[in-house]
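Here's the structure, in structure tokens; my notes come after.
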Amino acid sequence: MIDHLEVTPARLASTAQNVKAAGAQIDALIEALTREAAMLSTQWSGDAQQAYALAQGRFGVSLASRTALLTKMCGALDDLATAYSDADLAGARGLGLTA
28 MIDHLEVTPA RLASTAQNVK AAGAQIDALI EALTREAAML STQWSGDAQQ AYALAQGRFG
88 VSLASRTALL TKMCGALDDL ATAYSDADLA GARGLGLTA
């Protein structure tokens, strides 16, 4: 359980970068797995090869959706960090705390 959650523009931006990095690591692992499976699939024939091709096609669609979602999420986090920072600055200016 989280006892304290602190959100700052820097943490939002950092989280966006962490999500991007994790996504890139996952993509690299998936690419390696796909290459290995593709090599193995050349040894298959008939129903096995067709089943693999069908499953690989569905997987590719799911992977593209995941990648698009991660990109959208990172963009939203970056936008939120900017908006948060702008609102903080406007509030501080409104209180006469900054020039």
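With this note's numbering applied, the sequence shown closes on residue 126, and no number is skipped along the way. We put the beta carbon where it would ideally sit given N, CA and C, even for glycine.
DSSP state of residue i, grouped into three classes?
i	result
Val88	helix
Met28	coil
Val34	coil
Ser112	helix
Gly123	coil
Thr61	helix
Gln83	helix
Ser72	coil
According to the neighbour-count rule (16 or more other Cβ atoms, all chains shown, within 10 Å of its Cβ), is residue i buried or exposed?
i	result
Ala43	buried
Ala108	buried
Leu32	exposed
Taking 6 Å as the limit between beta carbons, can you name the residues of its chain near residue i, skipping five residues before and five after?
i	result
Thr94	none
Ala21	What the structure shows of the chain is the stretch from 28 to 126, and residue 21 is not part of that stretch, so it cannot be assessed.
Thr69	none
For chain D, is any of its Cβ atoms less than 8 Å away from the one on residue i?
i	result
Ser68	Structure shown: chain D not included; a single protein chain is present.
Sorted by chain position, which residues of the same chain lie with C-beta nearer than 8 Å to residue i's C-beta, five sequence neighbours on each side aside?
i	result
Asp30	none
State whether the segment 57 to 68 contacts the segment 101 to 121, with contact taken as three or more CB pairs (one from each stretch) at a distance under 8 Å.
-> no
Quick check: the segment 102 to 118 against the segment 48 to 55, are there 3 or more CB pairs under 8 Å?
-> no
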